Structures are given as structure tokens and as C-alpha cells.
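Numbering (mature numbering (1 follows the signal peptide of the UniProt record, and there is no 0)), first residue to last: -24 to -1, 1 to 481.
Here it is, written out as C-alpha cells:
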């Protein structure tokens, strides 16, 4: 989802979940020796650049991580950056304070160059990946993945006369959110069951055919979330997990083992279901940038059917199955009939439609594409409206404009690779949380609204262009969802609005 992420973002997955992670109990994760547990929990896609404080962060009191830091940085130049896993690097410094940098959503830390790279193969296919993974971070689909020109598509408004169903209110909440500090950290006790129907905990990783979590970090946090009395679903996968899903879904035996692992996790942690964030099973880009249909759509259908059958065998409880999909999933030959039959709801990731991979500064979301998506799903594919959820992005994208004094709106040129605004909480160039955006507005930044795309933007003092959805935009999307009798809306992710200032319902 993204997750940061996006769902990205994010787009987002624990790439450190390798085969060596599984102990005798497959539900308990053991991180590879290169990255101890506490470090791996902090070094998750979407975290900020972190200088660890002795009194507040578990990394500093972990003697193993201190030893690893000393070993990795021994003999290195001051401020040298050294990859410690596929997501993060240590920044070596002379005072021995552990400092870690996490790569942006969709990027990997390449050991050969010790840099964050959008090419997940690091240019030499040394990582274990398959060709069905797009090389651009999407967390729900970007314009670079090959969406058609949708500007002229007509709206689907009026499809539903009156929505009599109470909408689902679903929020993704991240495992790494518990490590945020101060005003950047969400107090989970303030999450109200009057406001949310489901929480989706991101992410469980895949190792072999097993779902893996860190019992020492995840179990206490999930227990706190469950105390709020809200259904909590485990999201598995995220950006970068496509190869793991390919293996899981490839055979009946693997699918059965995965379903059994899910049931084991549910029992241990008390989850109420599973969310599959497979980005993406049905398409990839060839060397010329052309989108090629993938071959795993049928296996995805078999996987969700296997999960449903396994869950039905437990007659004491109904377990939820949800699925995250990009905009215009019909373009990618998703198994829509099976999804409608076996899934409780489908999360349409209507964000990360544009980003730094584009040639000009464009909005993070676009109502024209959103309308085209639901027209395709409802009118063409006849997908049940009450099983579709519209995604809301609790983050914005930032671009360092080439000439902000002469061009500072949608479509302006930006400096590729340049550091752009990052807020106090996100601290990640190109990506900003909602509470950081609110701080900019409170500090005097002028919000501009674009009617065509249904998005907002502002300019920062350093010449960065910030694209996001305002509270008004969220309400407009909500009204649109209700006009179609959709099942509801979901948010990626709740940790990016820790004070709930953008909670509009």
C-alpha cells in the first residue's frame, strides 16, 4: 500500500524476511544475523533518517546492534554509508551514536555502491527477484506503469441512487509507527472504534510459504491495538514482495501451507483476517518500458480461494480476506470474478499515480483516474460496489522545482534527484506526512486547489512543490464513494496523521 509510503508506499515490505528467519515455530520471525531484531524493526521502508537517542530508542540499548554498528563502521571514513540490509544503511560517525538511513519507498540499498537505488536488481540482478516486478516504486500504480490517457473518461456519478449501507472505515497502521517519537507518534489509545471499522496491520513478511512476524515487537503492539475493540487484519507483502508471492501461489501445496501459516498467525496474534498486498501479479515492464501482461493472475485466484476454503473450515469465526489493487485493475487482467467471490473487500490504491519517476511535477492523486477506475470496475467488470474501497493518501509528494519563481504549478519542471522538502516527521526527501503539511499551512504556506484533478498543492520556502489531498479533497472523494454505493474508504496510513486532524467523518 504502500506504502510510504506509501502502501506504499508506501508501498512497503520487510525485505529482510529471508529463509533463515523461521525458527521451529514458523509464526515467529528470527531476523538474519546481519540485522538483529530491533534494528530490523526500525529499518523498515518508510521510516525516517534516524539518529538514535539513548533514552528513547531500543536500538541504542541493544548491545548486539551496537556491536554490529562498531563492526560495520570500523575503519570507515566519517559519515560513510554502509548498507546493512536491502532497505537501510548505517551512517558511520566518530561518536559511535547509531545512525541509520532508510531508503525511500520502492528503493533498495545496493551493497556494491552503498546507495539507495530504484532498480531493485541493483543493475546486475544480484537480488532474488522475478521479471514481473515493475522497476518503479508504485505502491498502488504509477503513471510510469503504463496507464492509458484517462483525462477524457466520463464520470460514473449517479450509478447509485442511495447508499443504505454503513461505510467501512479502514485504516492501515504500520509496525514501524511504534518507533516514532513526540508529535510524530500516534497514541493508539486515541484510535476510536466509533471512527474505524477495521485496522490493517502492515506488514507481515513472507519466508518460504510462511507468514513471519517479530513476536517480540509485533505481538505487544498488536495487543495494544486489539484493546481498542476494532477488527484488526494482517497485511502481508507490500512493495518488493512480488517474488515471494509468486512462490507461494505457484502450487497447491504451497498455497495450502501459506493458508495454514495464516491460521497459525491468527491464533497467536488474534488477527481477524488477512490483506494481500501483492504488487503486482499480472504485469511487468519489458526493456522498452512496455507493460506486459503477467501470468500470475490465475494463481492469485487460486490463492484467495485456498485461503477462503481454509478459513471456512473454522466454523467458529469468519475471517476477512481483503486485497490491495492498483487503479484500473482491469487493465492488468486481475481475476475479478474470483476476487468478488472470495474477498470481503478490495482496496483500490488511488494514490502514487505520479511521482519523481515522471518528467514533470504532477499530482499524487487524480480524480479523473479514480473515476475511470470505478467506471471500469462497476460498469465494465460488473464488480460488486459494496466490496470496493476507495483509497485515501495520508501523505504528499514533494518535488524541487527547477524555477519556482516562474513555474510553480502542476506540470512544472523539477530537478530530478534533487533533495526536496521533508517535514519534521517524514524526514524523507520527496515524501511528506499530513501533519508536516499541516505545519506548513499553519506556518503561512498558501494552499492552492486544482479543480481538474481534485488535489491541492503548496510551495515551500526552499522551492519545493508539495502535492497532497486536503481535508476538502477527502470529503469530495468520500461523497463520490457514497454516490457509487462503494463499500467505504481506506487510509494509507494512519501513522502519518497521528493527531487525527484529517479524520473527516
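Virtual Cβ for every residue (Gly too), placed ideally from N, Cα, C.
Every value quoted in this text rests on a predicted model; they were computed, and no experiment measured them.
Cα-Cα separation between residue i and residue j, rounded to whole angstroms
{"i": "residue 192", "j": "residue 319", "result": "31 Å"}
{"i": "residue 39", "j": "residue 49", "result": "Annotation note: pLDDT 46 at residue 39 (below 50); position unreliable, no value reported."}
{"i": "residue 230", "j": "residue 155", "result": "34 Å"}
{"i": "residue 400", "j": "residue 415", "result": "9 Å"}
{"i": "residue 508", "j": "residue 51", "result": "Nothing in the structure corresponds to residue 508, since the chain is present only between -24 and 481."}
{"i": "residue 434", "j": "residue 278", "result": "45 Å"}
{"i": "residue 406", "j": "residue 374", "result": "4 Å"}
{"i": "residue 235", "j": "residue 427", "result": "45 Å"}
{"i": "residue 276", "j": "residue 342", "result": "28 Å"}
{"i": "residue 336", "j": "residue 381", "result": "16 Å"}
{"i": "residue 298", "j": "residue 90", "result": "37 Å"}
{"i": "residue 174", "j": "residue 321", "result": "11 Å"}
{"i": "residue 66", "j": "residue 75", "result": "6 Å"}
{"i": "residue 454", "j": "residue 465", "result": "7 Å"}
{"i": "residue 211", "j": "residue 467", "result": "13 Å"}
{"i": "residue 316", "j": "residue 251", "result": "14 Å"}
{"i": "residue 113", "j": "residue 216", "result": "Confidence at residue 113 is low in this model, with a pLDDT of 31, below 50, so its placement is unreliable and the value that follows should be read with caution. When rounded, the distance between both Cα atoms is 9 Å."}
{"i": "residue 203", "j": "residue 151", "result": "16 Å"}
{"i": "residue 384", "j": "residue 153", "result": "33 Å"}
{"i": "residue 141", "j": "residue 56", "result": "56 Å"}
{"i": "residue 271", "j": "residue 477", "result": "42 Å"}
{"i": "residue 481", "j": "residue 463", "result": "15 Å"}
{"i": "residue 389", "j": "residue 331", "result": "12 Å"}
{"i": "residue 169", "j": "residue 207", "result": "9 Å"}
{"i": "residue 257", "j": "residue 280", "result": "13 Å"}
{"i": "residue 32", "j": "residue 419", "result": "Reliability of the predicted coordinates at residue 32 is poor, the pLDDT of 35 falling under 50, and the value obtained from them is presented with this limitation in mind. Between residue 32 and residue 419, the C-alpha separation is close to 28 Å."}
{"i": "residue 425", "j": "residue 448", "result": "10 Å"}
{"i": "residue 442", "j": "residue 53", "result": "35 Å"}
{"i": "residue 403", "j": "residue 92", "result": "16 Å"}
{"i": "residue 333", "j": "residue 228", "result": "38 Å"}
{"i": "residue 288", "j": "residue 77", "result": "43 Å"}
{"i": "residue 116", "j": "residue 308", "result": "Because residue 116 carries a pLDDT of 32, less than 50, the predicted location of this residue cannot be relied on, and no value is offered for it."}
{"i": "residue 451", "j": "residue 458", "result": "11 Å"}
{"i": "residue 163", "j": "residue 247", "result": "20 Å"}
CB contact flag (residue i, residue j, <8 Å)
{"i": "residue 378", "j": "residue 391", "result": "yes"}
{"i": "residue 472", "j": "residue 446", "result": "no"}
{"i": "residue 323", "j": "residue 461", "result": "no"}
{"i": "residue 444", "j": "residue 417", "result": "no"}
{"i": "residue 397", "j": "residue 436", "result": "yes"}
{"i": "residue 209", "j": "residue 249", "result": "yes"}
{"i": "residue 519", "j": "residue 351", "result": "Nothing in the structure corresponds to residue 519, since the chain is present only between -24 and 481."}
{"i": "residue 253", "j": "residue 213", "result": "yes"}
{"i": "residue 245", "j": "residue 198", "result": "yes"}
{"i": "residue 86", "j": "residue 59", "result": "yes"}
{"i": "residue 345", "j": "residue 368", "result": "no"}
{"i": "residue 201", "j": "residue 177", "result": "yes"}
{"i": "residue 357", "j": "residue 306", "result": "yes"}
{"i": "residue 220", "j": "residue 255", "result": "no"}
{"i": "residue 372", "j": "residue 408", "result": "yes"}
Beta-carbon separation (whole angstroms), residue i vs residue j, contact threshold 8 Å
{"i": "residue 376", "j": "residue 394", "result": "4 Å"}
{"i": "residue 410", "j": "residue 456", "result": "At roughly 20 Å, the Cβ-Cβ gap does not stay under 8 Å, so residue 410 and residue 456 are not in contact."}
{"i": "residue 354", "j": "residue 144", "result": "Rounded, the Cβ-Cβ distance is 17 Å, inconsistent with contact."}
{"i": "residue 161", "j": "residue 479", "result": "About 17 Å separates the two Cβ atoms, so there is no contact after all."}
{"i": "residue 470", "j": "residue 147", "result": "4 Å"}
{"i": "residue 429", "j": "residue 360", "result": "Contact flag wrong, Cβ pair sits at about 28 Å."}
DSSP bridge partner residues for residue i (one or two, in chain order)
{"i": "residue 372", "result": "408"}
{"i": "residue 297", "result": "250"}
{"i": "residue 178", "result": "150 and 211"}
{"i": "residue 334", "result": "Looking at the DSSP assignment, residue 334 forms no beta bridge with any residue, so it has no partner."}
{"i": "residue 433", "result": "424 and 443"}
{"i": "residue 231", "result": "Paired residues: none, contrary to the question."}
{"i": "residue 326", "result": "Bridge partners of residue 326: none, in fact."}
{"i": "residue 58", "result": "66"}
{"i": "residue 183", "result": "186"}
{"i": "residue 196", "result": "Beta-bridge pairing links residue 196 to no other residue."}
{"i": "residue 224", "result": "Answer by DSSP bridge pairing: none, since residue 224 is not bridged."}
{"i": "residue 303", "result": "Bridge partners of residue 303: none, in fact."}
{"i": "residue 145", "result": "465"}
{"i": "residue 390", "result": "377"}
{"i": "residue 367", "result": "466"}
{"i": "residue 321", "result": "298"}
Near the ligand SAH: residue i beta-carbon under 7 Å from a heavy atom
{"i": "residue 171", "result": "Looking at this structure, you won't find the ligand SAH or any other ligand, since it has none at all."}
_With three or more beta-carbon pairs closer than 8 Å as the criterion, would you say the segment 285 to 296 touches the segment 305 to 314?_
no
*asked:* With three or more C-beta pairs closer than 8 Å as the rule, is the segment 224 to 234 touching the segment 178 to 194?
replied: yes
_Taking 8 Å as the cut-off, does the segment 241 to 251 touch the segment 189 to 203 (at least 3 CB pairs, one atom from each stretch)?_
yes
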